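Sequence positions in the sequence shown follow this note's numbering and run 31 to 372.
These notes are about the structure you will find just below.
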Amino acid sequence: MGRFLVTGGAGFIGSNFVHYLIRTTEHHVTVLDKLSYAANPASLAGLPTSRFELVVGDISDPGIVDQLVRSADVVVHYAAESHNDNSLFDPAPFLQSNIIGTYTLLEAARRHGTRFHHISTDEVYGDLALEDPARFTEATAYNPSSPYSATKAGSDLLVRAWVRSFGVAATISNCSNNYGPFQHVEKFIPRQITNVIDGIRPMLYGAGNNVRDWIHADDHSRAVLSIIERGRIGETYLIGANGERSNKDVVELILKQMGLPADSYDLVPDRPGHDLRYGIDSTKLRNELGWAPEYADFEAGLDATITWYREHEAWWRPQKAGTEARYMAQNNTSKKAPRTTP
Ligand code: NAD
Ligand code: TDX
């Protein structure tokens, strides 16, 4: 039995990981989360107080970080600003949380000799061509496109440097796009599901041809725990479930599963710098650690997710109007001429 410190545990993937740990292990879990706009403490409601506590604080605050990392056996670092569209509008919080926050945690792990697992994304590799059999592997060169993915790439490189220069016992995982319960309504799948519930037509950026490689959050959690338990220190593992789909396919499935004609969506202006395609080759994880996804059927997983959002309106409703207002403001801003001076 160990003491887990989970940063960002009130967000989407972090909260799914906390539920997974409580459900399948006997570990004690402390969440450190600053409860940003992206967090929802309701995602952690009902967890047993004997095994779980939430500490509200910032990962770039050295005082609270030192205290918590000192008393943990393992740090699982999920906390980040996570939304590409927001990073195009205001990159500053991404630098603060994703770079300075990761640095602050690494320094504490170094001081106290604490095992560290860093959660990252396939977006650090940039994108792939649409009609191309190639997929990302652990050997693919870093080539991030957005301020978000650049700060995640930077945080990965900090972890690698702290392993090599200071002997921090760290591993890294880069996962593809997650779906499942507790995902913020700003993200693609929950945005479209809750739009349909509200009678708003789903919105596809550009022509909707961009491809994402979908994985259920529970499959991500199982992979992360197996890396913590059995992964080799200093190594990077890619996590993906062979779930490539175009955005248009996903919207058509949502519409079909929610009883609407498959073409009742709108095409809206594209995201600047929009990555075309992500695709993960997770052979290393599968061969070394024996991991395989349990949610092999994306359509069934999507259907369960639609049901979850239908049944948990009280969870997402408070964030819906503000999220759509933020999108409106960002679209207005992106129509202005780009600034030429900093
Ligand atoms: P999210 O935005 O839903 O949650 C992030 C959480 O981190 C929030 O609860 C927020 O309050 C917290 N947080 C942010 N900055 C903080 C700070 N400075 N101090 C303390 N807490 C802070 O994000 P998510 O989608 O759950 O992503 C979690 C992690 O997984 C991120 O590191 C992201 O890069 C990575 N990831 C996400 C995906 C995906 O599909 N969503 C895929 C691969 C990797
Ligand atoms: O309204 C929309 N319409 C649309 O077409 C939104 C919100 C998105 N999209 C497109 C953009 C992407 O091609 O859908 C795709 C998925 O968009 P997001 O949910 O914003 O995810 P993405 O940009 O792919 O990044 C996600 O996966 C990798 C997470 O947000 C990141 O945190 C993770 O690192």
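Ideal placement from N, C-alpha and C gives every residue a C-beta, glycine not left out.
Since the model is a prediction, treat every value here as computed from it, not as a measurement.
| request: Out of G303, L315, D293, V280, state which residue places its alpha-carbon closest to the alpha-carbon of R252. | output: If you number the sequence shown from 1, residue 252 lands on position 222. Closest option to R252, Cα to Cα, is L315.
| request: Can you tell me which of the three DSSP states H246 falls into? | output: Taking the first residue of the sequence shown as 1, we reach residue 246 at position 216. In the structure shown, H246 sits in a strand (DSSP, three-state: E or B).
| task | Pull up the distance between the alpha-carbon of N195 and that of E265, whole angstroms please. | result | Within the sequence shown, the letter at position 165 stands for residue 195. Within the sequence shown, the letter at position 235 stands for residue 265. Per the sequence shown, residue 195 should be read as Ser rather than Asn. For S195 and E265, the distance between alpha carbons rounds to 15 Å.
| task | Write down every uninterrupted run of the beta strand (DSSP E) in the segment 146-217 whose length is 3 residues or greater and which is fully enclosed by it, in chain order. | result | 200-205
| said: Check whether the segment 104-123 and the segment 166-173 touch, using three or more Cβ-Cβ pairs below 8 Å as the test. | reply: no
| task | Go ahead and pull the three-state DSSP assignment for E56. | result | Here residue 56 corresponds to residue number 26 of the sequence shown, with the count starting at 1. Here E56 sits in coil by DSSP.
| Counterpart residues of E265 in DSSP-defined beta bridges | Position 235 of the sequence shown, counting from 1, holds the residue named residue 265. Paired residues: none, contrary to the question.
| task | Pull up the distance between the alpha-carbon of V85 and that of K64, whole angstroms please. | result | In the sequence shown, the residue the question calls residue 85 occupies position 55. In the sequence shown, the residue the question calls residue 64 occupies position 34. Whole-angstrom Cα-Cα distance: 8 Å.
| request: Count the other C-beta atoms from every protein chain shown that fall within 10 angstroms of the C-beta of I263, then say buried if there are 16 or more, exposed otherwise. | output: Along the sequence shown, read from residue 1 onward, the residue named residue 263 stands at position 233. It is exposed - the Cβ of I263 has fewer than 16 other Cβ atoms within 10 Å.
| request: Identify whether L84 lies in helix, strand or coil by the three-state DSSP scheme. | output: By one-based count along the sequence shown, residue 84 stands at place 54. The answer is strand: DSSP assigns L84 an E or B state.
| field | Closest residue to H21 among T79, T134, V154, P78 (Cα-Cα distance) | value | Here the chain comprises residues numbered 31 to 372, so residue 21 is not present and cannot be evaluated.
| Helix, strand or coil for A109 per DSSP? | By one-based count along the sequence shown, residue 109 stands at place 79. Coil, per DSSP.
| query | Nearest-angstrom Cα distance between P372 and G309? | reply | In the sequence shown, counting from the first residue as 1, residue 372 sits at position 342. In the sequence shown, counting from the first residue as 1, residue 309 sits at position 279. Summary for P372: the model assigns pLDDT 34, below 50, so the residue's position carries little reliability; its value from the coordinates is reported in the next sentence. Each residue's Cα considered, the two are about 35 Å apart.
| task | Could you have a look at E324 and say whether DSSP puts it in helix, strand or coil? | result | For the purposes of this step, residue 324 is taken as residue 294 along the sequence shown, with counting starting at 1. In this structure, DSSP gives E324 a state outside helix and strand, which the three-state scheme calls coil.
| request: Give the range of the beta strand (DSSP E) segment to which S276 is assigned. | output: Residue 276 sits at position 246 when you count from the first residue of the sequence shown. Per DSSP, S276 belongs to the beta strand (DSSP E) from 274-276.
| message | Using the three-state DSSP reduction, which class does Y235 fall into: helix, strand or coil? | response | Here the question's residue 235 lines up with position 205 in the sequence shown. In the structure shown, Y235 sits in a strand (DSSP, three-state: E or B).
| field | Selection from L160, S185, T132 that minimises the alpha carbon distance to V154 | value | Numbered from 1 along the sequence shown, position 124 holds the residue referred to as residue 154. V154 has its Cα closest to that of S185, out of L160, S185, T132.
| Taking 6 Å as the line, does the beta carbon of T134 fall inside it for any heavy atom of the ligand NAD? | For the purposes of this step, residue 134 is taken as residue 104 along the sequence shown, with counting starting at 1. The answer is no for T134.
| task | Determine the contact status of V215 and Q349, defining contact as a CB-CB distance below 7 Å. | result | Residue 215 sits at position 185 when you count from the first residue of the sequence shown. Residue 349 sits at position 319 when you count from the first residue of the sequence shown. It is a contact, given that the beta carbons lie within the stated cut-off.
| Classification of D305 by the beta-carbon crowding that lies within 10 angstroms, buried from 16 upward | Residue mapping note: residue 305 aligns to position 275 of the sequence shown, counting from 1. Looking at its Cβ environment, which holds 16 or more other Cβ atoms inside 10 Å, D305 is buried.
| request: Give me the Cα-Cα distance between Y235 and V298, rounded to the nearest whole angstrom. | output: If you number the sequence shown from 1, residue 235 lands on position 205. If you number the sequence shown from 1, residue 298 lands on position 268. Near 5 Å, if we compare the C-alpha coordinates of V298 and Y235.
| message | For D243 and E274, which I take to be in contact (beta-carbon distance under 8 Å), what is that distance rounded to the nearest angstrom? | response | By one-based count along the sequence shown, residue 243 stands at place 213. By one-based count along the sequence shown, residue 274 stands at place 244. Between E274 and D243 the Cβ distance is about 5 Å, and since that is below 8 Å, they are a contact.
| message | Between which two residues does the beta strand (DSSP E) holding L118 run? | response | For the purposes of this step, residue 118 is identified with residue 88 of the sequence shown, where counting begins at 1. Taken as a continuous stretch (DSSP letters only), L118 belongs to no beta strand (DSSP E), being part of the alpha helix (DSSP H) at 114-119.
| field | Cβ-based burial, N114 [other Cβ within 10 Å; buried from 16] | value | Taking the first residue of the sequence shown as position 1, residue 114 is located at position 84. Flag for N114 reads buried.
| Which residues in the same chain have their Cβ closer than 8 Å to the Cβ of K182, if we skip the five residues on either side of it in sequence? | Here residue 182 refers to the residue found at position 152 of the sequence shown. Only A110, N128, S150, T151, E153, V154, P174 meet the Cβ criterion.
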